[in-house]
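Residue numbers for the sequence shown follow the working numbering, beginning at 9 and rising by one.
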Amino acid sequence: MNNIILCGFMGCGKSSVGRKLSQRCGREFVDMDRYIEEKTGMTVAEIFEQKGEEGFREIETEACKELSEKENLIIAAGGGTLTFERNVEILRQGGKIIFIDVSYENLCERLSHDTRRPLLQVENRNEVIRQLLDKRLPLYKKAASVYVNGNFNSTVVVNNILTIIR
Ligand code: S3P
Numbered sequence: 009m010n011n012i013i014l015c016g017f018m019g020c021g022k023s024s025v026g027r028k029l030s031q032r033c034g035r036e037f038v039d040m041d042r043y044i045e046e047k048t049g050m051t052v053a054e055i056f057e058q059k060g061e062e063g064f065r066e067i068e069t070e071a072c073k074e075l076s077e078k079e080n081l082i083i084a085a086g087g088g089t090l091t092f093e094r095n096v097e098i099l100r101q102g103g104k105i106i107f108i109d110v111s112y113e114n115l116c117e118r119l120s121h122d123t124r125r126p127l128l129q130v131e132n133r134n135e136v137i138r139q140l141l142d143k144r145l146p147l148y149k150k151a152a153s154v155y156v157n158g159n160f161n162s163t164v165v166v167n168n169i170l171t172i173i174r
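Quick look at the structure:
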């Protein structure tokens, strides 16, 4: 199984890097959040609202199982996906996990106008980013076998990923 799974915090560029990477490699790109939205007919925000975060996490694990049975995909995971050991185990069986690391400062900047992500619709957004990032960084590092610096534009990040994996 040779999928490429992009992992990292919200706003680290998983989707834009994934889309470009798929064009460069001629592989299909799947954004896990969009996959979940198509499968359920609800937006991620609606799932959080109606089923809570726990309900979303169950659907997310189902999506991991389904996608890891396919081959040759470039998958942009959600920011929380690889913080669950069960998802790491499933996705690792289906391919290589790449961690896109972006600094706290750049994440805050990139996420400052976000209206879509339920976890960030809070007054103290930067504080929430700090807390989540502190908790998640070691988990992303543990999950991934490849590390890439994501503090550049997506073309540079894609080039770096291709150099590493080829
Ligand atoms: C989440 C990240 C989101 C989405 C959901 C939860 C998280 O994906 O899965 O809002 O827990 O970090 P993106 O990283 O694509 O924004």
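By construction, the Cβ of each residue, glycine as well, lies at the ideal position given by its N, Cα and C atoms.
Sort Leu145, Phe64 and Val52 by Cα distance to Thr123 and report the nearest one. Against the sequence shown, residue 123 aligns to sequence position 115. If we check each option's Cα against that of Thr123, Val52 comes out closest.
On a CA-only basis, which of Glu74, Pro126, Asn161 and Leu147 is nearest Ser23? Give me that one, please. Counting from one through the sequence shown, the residue named residue 23 turns up at place 15. Per the Cα distances, Asn161.
Distance cut-off 7 Å: Val154 Cβ against heavy atoms of the ligand S3P: Sequence index remark: in the sequence shown, residue 154 carries index 146 (1-based). Outside the cutoff, so no.
From the DSSP output, in three-state form, read off Val110 for me. Counting from 1 along the sequence shown, the entry for residue 110 is found at position 102. Here Val110 sits in coil by DSSP.
Tell me whether the beta-carbon of Val165 lies closer than 8 Å to the beta-carbon of Asp109. One-based indexing of the sequence shown puts residue 165 at position 157. One-based indexing of the sequence shown puts residue 109 at position 101. In this structure, Asp109 does not lie closer than 8 Å to Val165 by Cβ.
In the DSSP assignment, what are the bridge partners of Lys104? As a first step, residue 104 is located in the sequence shown; it is residue number 96 there, counting from the start. In the DSSP output, where bridge partners are listed per residue, Lys104 has Ile12.
Pull up the DSSP beta-bridge partners for Val38, would you. Here residue 38 refers to the residue found at position 30 of the sequence shown. Within the DSSP bridge table, the entry for Val38 names Ile83 as partners.
Please confirm whether any heavy atom of the ligand S3P lies closer than 7 Å to the CB of Gly87. For the purposes of this step, residue 87 is taken as the residue at position 79 of the sequence shown. Annotation for Gly87 indicates a beta carbon within 7 Å of some heavy atom of the ligand S3P.
Quick one: is Lys150 near chain C, going by C-beta distance under 8 Å? Protein chains in the displayed structure number just one, and chain C is not present.
Euclidean distance between Cα positions of Phe56 and Ile67: For the purposes of this step, residue 56 is taken as the residue at position 48 of the sequence shown. For the purposes of this step, residue 67 is taken as the residue at position 59 of the sequence shown. The alpha-carbon atoms of Phe56 and Ile67 are separated by roughly 11 Å.
Give me, in chain order, the residues of the same chain whose beta-carbon lies closer than 6 Å to that of Ala85; leave out the 5 immediate sequence neighbours on both sides. Mapped onto the sequence shown, residue 85 falls at position 77. If we look at Ala85 and ignore the five residues flanking it on each side, its Cβ neighbours are Ile13, Cys15 and Met40.
Excluding five sequence neighbours on each side, which residues of the same chain lie with their C-beta closer than 8 Å to the C-beta of Val136? Along the sequence shown, one-based indexing puts residue 136 at 128. Leu127, Leu128 and Val130.
Can you name the residues that DSSP bridges to Asn157? Here residue 157 refers to the residue found at position 149 of the sequence shown. As DSSP reads the structure, Asn157 sits in a beta bridge with Asp109.
Taking Arg94 as the reference, which of Gly34, Glu117, Cys72 and Ile44 has the closest Cα? Taking the sequence shown and counting its residues from 1, the one referred to as residue 94 is at position 86. Per the Cα distances, Cys72.
Could you please give the first and the last residue of the uninterrupted alpha helix (DSSP H) stretch that includes Pro146? Sequence index remark: in the sequence shown, residue 146 carries index 138 (1-based). Here the alpha helix (DSSP H) through Pro146 covers Arg133 to Ala151.
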